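Chains as they are written, first to last, in full-length UniProt numbering: chain A, 1 to 235; chain B, 1 to 258. Beta carbons are placed, not taken as given, at the ideal position from N, Cα and C, and that holds for glycine. Since this is a predicted model, take the numbers as computed values, not measurements.
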Ligand SMILES: Nc1ncnc2c1ncn2[C@@H]1O[C@H](COP(=O)(O)OP(=O)(O)O)[C@@H](O)[C@H]1O
Ligand SMILES: [Mg+2]
């Protein structure tokens with residue numbers, strides 16, 4: 001077991017020296033999470049927008065369901081994804097278990113409800129404002145949806161960042177379906193868990209620092225977007 | 001002071017009826033119209049007819065139901081009871097398309113002034129290049145504001161943009177819900193001049209205003225609404241000289257109506 005002081009020193013050396021193992025892990029993390037986020041937005045934004053402007057029996061229950069799913073425990077999502085992807089599961093034929101694809105699927109399940117629930121809220125608020133004017137102007141439904149999505153773009157960008165923050169930092173789901181296989185499915189969070197338990201604090205710390213920097217960058221981006229939106233009264 | 005009745009004999013109307021093509025094309029007929037929310041009766045069994053060629057001013061105290069009535073006439077909300085017929089037809093999307101409404105509180109898109117105009121032009125497949133929209137901006141003195149975010153405009157500028165946007169659609173029927181509330185005199189003048197030009201071009205205009213002087217300047221016909229009921233409908237010159245209802249008389253005298 002290294003002492004904390006030397007662990008910090010080694011961590012900084014790994015970061016500033018662009019250690020190849022470290023870069024590979026960070027790169028895979030970013031690729032998996034960006035892919036999951038993209039799919040989540042492609043699925044979640046239309047669902048959120050449709051929920052925002054429609055009224056049908058059961059809509060309230062659906063909204064509550066998505067709001068609840070925002071807080072799904074990652075290990076439960078991992079377990080569900082594992083059962084779907086394992087050989088006996090419905091998606092077993094895809095042979096995705098313990099591949100980055102499996103991690104993308106797990107994170108997509110985790111992030112999509114966030115995108116749906118938050119975008120539904122934002123678009124519903126905007127629609128309350130626009131609805132009567134749109135009715136007066138006789139705006140066709142697809143045009144109205146496009147206008148709502150476009151005019152809510154700053155708010156929706158912060159929604160995407162919230163989803164990104166949750167996905168990049170979670171460990172339970174990617175651990176279960178990815179397996180933390182070195183050079184294949186090892187991402188930042190699983191590496192931190194493993195290296196810490198092995199007592200190799202330097203790599204764990206280096207990854208932890210990078211994760212913190214990413215979290216800070218995400219928050220700075222959210223603030224920047226909000227400031228720009230306020231300045232131009234787009235929010 | 002001139003005698004309104006005497007004047008009428010010499011000068012029948014500021015705008016002669018025959019100057020307008022398809023006279024009476026947009027006549028409105030309202031029968032037994034009621035509107036209630038949560039058991040609260042806002043409009044009570046209203047019936048009236050409006051000709052298609054007069055500038056109608058809708059007056060009445062706060063909460064009388066003027067805005068609700070405009071929204072019903074525009075088909076934004078459905079009546080609890082009764083019928084609204086435009087030229088004999090119930091309101092639908094195609095009729096709403098030849099109408100435009102400027103809301104009491106303007107609703108502008110979170111975009112630039114120009115983009116707000118572009119949006120509505122796009123809806124009707126009308127020209128929308130910057131140079132083609134320039135005259136519309138100019139008409140309401142908005143050309144210097146073209147690229148500003150619409151929601152950062154002052155109240156008066158927002159009202160002018162809302163009117164410009166409504167006029168860009170070239171409506172046959174125009175609803176204006178207190179378009180000059182809280183505006184400076186120059187903006188009021190500009191908006192009133194614009195309303196008069198539209199009127200001359202044959203647009204049927206229904207204007208809600210609290211400003212008695214403005215109503216005198218613009219109205220050809222007055223509908224006075226009080227507590228969800230039509231207290232009277234009279235030609236403007238009669239209304240301001242000798243209103244027939246005690247509610248309108250009290251209102252014009254500045255007495256408080258409850
Ligand atoms: N959506 C609504 N829900 C409940 N009450 C409403 C609604 N819209 C209007 N009202 C009520 O109806 C009455 C008439 O409103 P309105 O037509 O806006 O008055 P005004 O003549 O001042 O324009 C008011 O008492 C108002 O509070
Ligand atoms: Mg009103």
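Any non-hydrogen atom of ligand 1 within 7 Å of residue i CB
{"i": "residue 67(B)", "result": "yes"}
{"i": "residue 37(B)", "result": "yes"}
{"i": "residue 64(B)", "result": "yes"}
{"i": "residue 60(B)", "result": "yes"}
{"i": "residue 212(B)", "result": "no"}
{"i": "residue 42(B)", "result": "yes"}
Under 9 Å from the C-beta of residue i: neighbouring residues of chain B
{"i": "residue 130(A)", "result": "107, 109"}
{"i": "residue 227(A)", "result": "In chain order: nothing, as chain B lies at least about 14 Å away."}
Residue i beta carbon near ligand 2 (any heavy atom closer than 7 Å)
{"i": "residue 102(B)", "result": "no"}
{"i": "residue 177(B)", "result": "yes"}
{"i": "residue 208(B)", "result": "yes"}
Partners in chain B for residue i, counting only beta-carbon separations shorter than 7 Å
{"i": "residue 135(A)", "result": "76"}
{"i": "residue 232(A)", "result": "149"}
{"i": "residue 125(A)", "result": "None at all; the shortest Cβ gap to chain B is about 12 Å."}
Proximity below 8 Å, CB of residue i to CB of residue j
{"i": "residue 63(A)", "j": "residue 135(A)", "result": "no"}
{"i": "residue 30(B)", "j": "residue 46(B)", "result": "yes"}
{"i": "residue 105(A)", "j": "residue 81(A)", "result": "yes"}
{"i": "residue 175(B)", "j": "residue 73(B)", "result": "yes"}
{"i": "residue 236(A)", "j": "residue 154(A)", "result": "For chain A, the structure presents residues 1 to 235; residue 236(A) sits outside this window and is missing."}
{"i": "residue 144(B)", "j": "residue 106(B)", "result": "no"}
{"i": "residue 50(B)", "j": "residue 177(B)", "result": "no"}
{"i": "residue 192(A)", "j": "residue 207(A)", "result": "yes"}
{"i": "residue 111(B)", "j": "residue 151(A)", "result": "yes"}
{"i": "residue 26(A)", "j": "residue 210(A)", "result": "yes"}
{"i": "residue 167(A)", "j": "residue 77(A)", "result": "no"}
{"i": "residue 74(A)", "j": "residue 185(A)", "result": "no"}
{"i": "residue 255(B)", "j": "residue 240(B)", "result": "no"}
Cβ-based neighbour list, residue i, same chain, cut-off 6 Å, excluding 5 preceding and 5 following
{"i": "residue 195(A)", "result": "203, 204"}
{"i": "residue 116(A)", "result": "44, 47, 48, 66"}
{"i": "residue 194(B)", "result": "none"}
{"i": "residue 103(B)", "result": "177"}
{"i": "residue 48(B)", "result": "30, 230, 233"}
{"i": "residue 157(A)", "result": "225"}
{"i": "residue 15(A)", "result": "206"}
{"i": "residue 82(B)", "result": "31, 32, 33, 34"}
Where residue i meets chain B, residues with beta-carbon distance less than 8 Å
{"i": "residue 147(A)", "result": "109, 119"}
{"i": "residue 151(A)", "result": "109, 110, 111"}
Chain A contact residues for residue i, given Cβ-Cβ distances below 9 Å
{"i": "residue 123(B)", "result": "137, 138, 139, 140, 143"}
{"i": "residue 103(B)", "result": "132, 133, 136"}
7 Å Cβ shell around residue i - same chain, five flanking residues per side excluded
{"i": "residue 265(A)", "result": "The requested residue 265(A) is not part of the displayed model; chain A covers only 1 to 235."}
{"i": "residue 86(B)", "result": "26, 28, 95"}
{"i": "residue 36(A)", "result": "104, 107, 108, 111, 167"}
{"i": "residue 79(A)", "result": "176"}
8 Å Cβ shell around residue i - same chain, five flanking residues per side excluded
{"i": "residue 109(B)", "result": "115, 116, 119, 150"}
{"i": "residue 220(A)", "result": "none"}
{"i": "residue 21(B)", "result": "Here residue 21(B) scores only 41 on pLDDT, less than 50, and its place in the model should not be relied on; the value that follows carries that caveat. Counting only Cβ-Cβ distances below 8 Å, and skipping sequence neighbours, we find 202."}
{"i": "residue 149(A)", "result": "45, 49, 123, 156"}
{"i": "residue 231(A)", "result": "none"}
{"i": "residue 196(B)", "result": "218"}
Residues that residue i contacts on chain A, provided the C-beta gap is smaller than 8 Å
{"i": "residue 35(B)", "result": "The contacting residues do not exist; residue 35(B) stays about 15 Å from chain A at best."}
{"i": "residue 59(B)", "result": "None at all; the shortest Cβ gap to chain A is about 22 Å."}
Contacts of residue i in chain A (Cβ-Cβ under 7 Å)
{"i": "residue 97(B)", "result": "138"}
{"i": "residue 50(B)", "result": "Here the premise fails: no neighbours, minimum Cβ distance about 19 Å."}
{"i": "residue 93(B)", "result": "138"}
{"i": "residue 152(B)", "result": "233"}
Secondary structure, alpha helix (DSSP H): runs of 4+ residues fully inside the region 73-112 of chain A = 74-85
key: Contiguous beta strand (DSSP E) assignments of at least 3 residues, all confined to the region 185-244 of chain B   = 204-208, 221-226, 229-235
inquiry  = What ranges does the alpha helix (DSSP H) occupy inside the region 60-109 of chain B, keeping only unbroken runs of at least 4 residues that lie completely in it?
reply    = 66-73, 93-97
request  = Please go through the region 113-197 of chain B and give each complete alpha helix (DSSP H) segment of 4 or more residues, from N-terminal end onward.
outcome  = Uninterrupted alpha helix (DSSP H) stretches at least 4 residues long and entirely within the region 113-197 of chain B occur at 113-123, 130-139, 155-168, given in chain order.
query = Counting only runs that start and end within the region 47-77 of chain A, where is the alpha helix (DSSP H) found for 4 or more residues in a row?
reply = 59-69
4-residue-minimum alpha helix (DSSP H) runs that sit fully inside the region 157-196 of chain A, ordered along the chain = 172-178
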